[in-house]
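Visitor: My questions will all concern the structure given below.
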Amino acid sequence: MILYLDTSALVKLYAEEIGSEVVRRAVADAGLVATSLLSYAEARSALARKHRGEEITRSTLNRLRQEFERDWERLHLLPVDEALVRKAGNLTEEHALRALDALHLATADALQAVLRTTVTFACFDGALNAAAKTRGLASLK
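The sequence shown begins at 304 in the numbering used here and counts up one residue at a time.
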């Protein structure tokens, strides 16, 4: 399986949330795990937000950040370029998506087109999952 992680799925590898076990199993079973370069800033922001919201301690944040940094190099990282940003702009209108959600969808869709095989799209947002389905991406759930 080719697995694309949006940031909501990526964070579940580190923070215990509903869906964490599903994502961990999918990553373990995948032949390739990909994400967008933009996931780095989004994931770091999400972990820091958990600390600010007192969901996790400072020491837990530090441990999760170290784990994330270690694993980041193992992911297949997909770049963001002008063509992708323009495609995402179209997807925001077509599917009523937020900008970064549309960038994740555009990235996964482009990966699927290049590989010419179905990509499983891991995300925990209903609207984004629905849009991914229309693009022919498989759903993790």
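No residue lacks a Cβ here, since even glycine has one placed at the ideal position from N, Cα and C. This one's a predicted model, so the numbers in the text were calculated from it and none came from an experiment.
#1: Using only the alpha-carbon positions, how far apart do residue 395 and residue 384 sit?
#2: Bridge partners of residue 256, per DSSP?
#3: Under 8 Å, do residue 336 and residue 379 count as touching if we go by C-beta distance?
#4: Rank 311, 354, 386 and 369 by C-alpha distance to the C-alpha of residue 323 and give the top, closest one.
#5: Considering only C-alpha positions, which residue in the set 403, 362 and 327 is nearest to residue 303?
#6: Would a C-beta distance cut-off of 8 Å place residue 441 and residue 420 closer than the cut-off?
Guide: In short:
#1: 17 Å
#2: Past the edges of the chain, shown from 304 to 444, lies residue 256, and the structure says nothing about it.
#3: yes
#4: 311
#5: For the chain, the structure presents residues 304 to 444; residue 303 sits outside this window and is missing.
#6: no
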